[in-house]
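Visitor: One line per chain: the protein sequences are A and B, in this order. First residue of the first sequence? That's -17 in the working numbering, and the numbers climb one at a time after it. First residue of the second sequence? That's 6 in the working numbering, and the numbers climb one at a time after it. Pasting a structure below so you can have a look.
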Amino acid sequence: MVDASSATDGGERDDAGASDDEPAVPAVDLPGDAFDAVLDALADRDPGEPLRFEGFSVARGDEGGYVLADSDRSTRLGEGELHEALSERAPAVTDWYAFERVVGEFGPRRAFVRWIEDADGETVATRYAALAEGIERAWGELKITATVTDRGERRYDVRHADDAGVAVDELEVHDDPLDARDLVTYDEKGRYRPLKTAPSLAGGWAFPDLGPRDLYETVETVYPATVANWHREREGELDVNHWRETMERQSGIYGVVKTWDRGEGHEHVDWVAEACCDDSQCLKRREWEYDDETDLDVDGGDGVFPCREPCSVVVSAARKWTRLESEQERTYEFELTPSEKEQVEDIVDAVADGRVDEIREADTKEGANRYRTRFLRAKRFDDEGNLGGVPTESDDE
Amino acid sequence: MQSLVIVAHGSHLNPESSAPTYDHADTIRAAGAFDEVRTGFWKEEPHFREVLRTVEGDEVYVVPLFVSEGYFTEQVIPRELRLDGWDVSEWGSDGLSADQATLVAEDIDREVHYCGPVGTHRAMTDVIVRRAESVTDDPDVGEGFGLAVVGHGTERNENSAKAIEYHADRIAERDRFDEVQALYMDEEPEVDDLPDHFESDDVVLVPLFIADGYHTQEDIPEDVGLCEDHTEGYDVPTEVDGTRIWYAGAVGTEPLMADVVLERAADAGADLGAALDDVRETTRVATGD
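Now the structure itself:
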């Protein structure tokens, strides 16, 4: 539990039958706007048509008043008595109000906010007890903590997972979801992030007290369209576009990419996926394959949210590779010591794994150390920058 | 529920590319005419392919933040948004007159109003003039000044030059500036020779680009001679061959651009209430005049 500012600490129970070994359900007051929303919803219904809450329903009576029904009995009530009855059942009523009136119908938002507290799997009592303690969810590098107020309102703390446990007053505090646009533009070294789902989100900030709609907007600003695609996947409606069809669709300067597929297998696409789509590079779980009959040999990753087609970063890189990969291989001869060969491998690994900045200046045990690399260049490059003095193009070209 | 979707190019390399899109979206959000304002990009996220599935409304207006009709507005955006049955003839345009087409976006199985680009709208003329006011910090700029509107030539897109000429002609008809010229990067009359095309001692140079980036920050300043190398920066104004050039940077960064986005949506049937007046007023304050 990171931020207890908006949650009650339990201790009190409602009388919905919680036994001693279950977590405490917090005391919840019925807010006037929730009660008014119930009356409005009933006014929109015909007499006898029930408005359902967990464990009971309410309908307008045929001759005025209201009828509250649970599994045992029906009770006729005036408006004042209805208010009293609903106040006694405030967790269920505020739960209805939170999802039906605050979160609303929009599929991705509703599914996401319900998923946070497992609203489709757990009872109101269980969820309110868990919310009182704080329910934590991970979404990419985000950590979301859901709580409930003593009026049954959901509040959410959103921050970088690395900032779990950091006091809010030590973080840069935001309340406007659109502020997240600035938080996601640069990584912690100040470099532009062209791919929002790259695992390079900088921390040091928090949205400590969001409502459900702003929670959704914040998450969708940090990781655009991820909730929408996750929702489609859960509904069994994710529209995956595989590599082949995506490249076939390209035009203009990207039209060339389709020529990279030569009907000779998909090893080149395996390399693309390994280069760009690995969990170390992108938090989306790759669901696209070479085509709908041919899977790639590379794992798609473990992300919560799916990747439904090669993204624009992949298409742009593939355009470059299409040109580079049209070159013929040739044999070059270089003289290297065994350590120098390993050093070249170390340098490639360090760049590929983004470790260059981690290698300490004086750590000459590291092959990709700057002094080691400068030494290799001084020794093995000629004045034109040719490795081993071997020209890239031979004299007769 | 009425939704606005602003679609723009964006960049893998330059964070400034999407900045005007976000700024204008914020201005329009504040005006309150739309229940939601979303942004989608070719090179950023959400991508054109996925932006519509983030849209909740049932009346959806898509406005391309592009300067002219061409490859992006006619091919890329309709294809990536999956506008069923799109054909460029839906716009019935002469290269300048695209207004809107109402088509079902297969991605969401709902109709969207696909609008023409902001750059060819008549209201864009006012933005160019406003840009000149902003860069000179003079709401009455005109007398004693020339105005150059610059863009790509026809080499990249035949409609690019049409948009430049259209606005240059409209500004000239107002008799506000002593002279108005359309100049190009790829063809005659070239922006490189700007002082040769003007008699005025002061010339405001407004590039018809959506965002600041390579062309407006590096290419044009160097070509015009505002600086030897763009990394040195330049003053506004800078004197080149006896002409004081007031270089405005990309017109698309001007706050009044939000007005053109709204005009596009209004032309397509959006109910804007008082938003147009509000945006004209707030962007006026933002420019300090």
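Don't be surprised by glycine CBs; every beta carbon is placed ideally from N, CA and C.
1. Just to confirm before moving on: does the CB-CB distance between E271(A) and C289(A) stay below 9 Å?
2. Roughly how many angstroms lie between the CA atoms of E217(A) and F88(A), to the nearest whole one?
3. Could you tell me which chain A residues have their CB closer than 7 Å to the CB of P51(B), listed as they occur along the chain?
4. So for W380(A), helix, strand or coil by DSSP?
5. Would the beta-carbon of L210(B) fall within 9 Å of that of Y252(B)?
6. Looking at the unbroken beta strand (DSSP E) that takes in A41(A), where does it start and where does it end?
7. Give a yes or no on whether 9 Å exceeds the smallest Cβ distance from A257(A) to chain B.
8. From P159(A), A112(A), D132(A), H142(A), pick the residue whose C-alpha is nearest to that of G122(A); which is it?
9. Under a CB-based cut-off of 9 Å, is T59(B) close to chain E?
10. Could you spell out the range, first to last residue, of the alpha helix (DSSP H) harbouring H248(A)?
11. Grab me the residues of V146(B)'s own chain with a C-beta within less than 6 Å of its C-beta, minus the 5 sequence neighbours each way, in chain order.
12. Can you tell me whether DSSP reads P320(A) as helix, strand or coil?
13. Beta strand (DSSP E) containing G86(A): first to last residue?
14. Can you find a CB in chain B that lies within less than 9 Å of the CB of T304(A)?
15. Keeping to the same chain, check which residues put their C-beta closer than 6 Å to that of D(-9)(A); ignore five residues upstream and five downstream.
16. Helix or strand or just coil, what does DSSP make of W47(B)?
17. Consider the Cβ of K178(A): report whether some Cβ of chain B lies at a distance smaller than 9 Å.
18. Can you check the stretch 0 to 84 of chain A for any alpha helix (DSSP H) of at least 4 residues that lies completely inside it and give the ranges in chain order?
19. Run through DSSP, which three-state label would A146(A) get?
20. Residue ranges of each alpha helix (DSSP H) run of no fewer than 4 residues wholly in the stretch 153 to 192 of chain B, ordered along the chain?
21. Which chain A residues sit within Cβ distance under 7 Å of P20(B)?
22. In the DSSP assignment, the alpha helix (DSSP H) including D131(B) goes from what residue to what residue?
23. Please classify D294(B): is it buried, with 16 or more other beta-carbons within 10 angstroms of its beta-carbon, or exposed?
24. Can you name the residues of chain B whose CB is closer than 8 Å to the CB of E291(A)?
25. Going straight from the alpha carbon of I33(B) to that of A263(B), what length do you get?
26. Taking three-plus beta-carbon pairs below 8 Å as touching, is the stretch 181 to 196 of chain B in contact with the stretch 89 to 98 of chain B?
27. Residues in its own chain within less than 8 Å of G238(B) by CB, not counting five upstream and five downstream?
28. Distance cutoff 9 Å, beta carbons only. Does S294(A) sit that close to anything in chain B?
Guide: On the basis of the coordinates in this document:
1. no
2. 14 Å
3. P206, A207
4. The question about residue 380(A) has no answer, for chain A in this structure spans -17 to 379.
5. yes
6. 38 to 42
7. no
8. H142(A)
9. Note that chain E does not occur in the displayed structure, where the protein chains are A and B.
10. Where H248(A) is concerned, there is no enclosing alpha helix (DSSP H), given that its DSSP letter is neither H nor E.
11. A137, E138
12. helix
13. Unbroken run through G86(A): none, as it is neither H nor E.
14. no
15. Interpretation of D(-9)(A) is limited by its pLDDT of 40, a score under 50 that renders its predicted location unreliable; no figure is taken from the coordinates.
16. coil
17. yes
18. 14 to 25, 61 to 70, 72 to 79
19. coil
20. 163 to 178
21. T167, Y174
22. 128 to 141
23. Bear in mind that a pLDDT of 43 at D294(B), under 50, signals an unreliable position, so the number given afterwards is only what the model happens to contain. Counting Cβ neighbours within 10 Å, D294(B) comes out exposed, since fewer than 16 surround it.
24. R54
25. 6 Å
26. no
27. C232
28. yes
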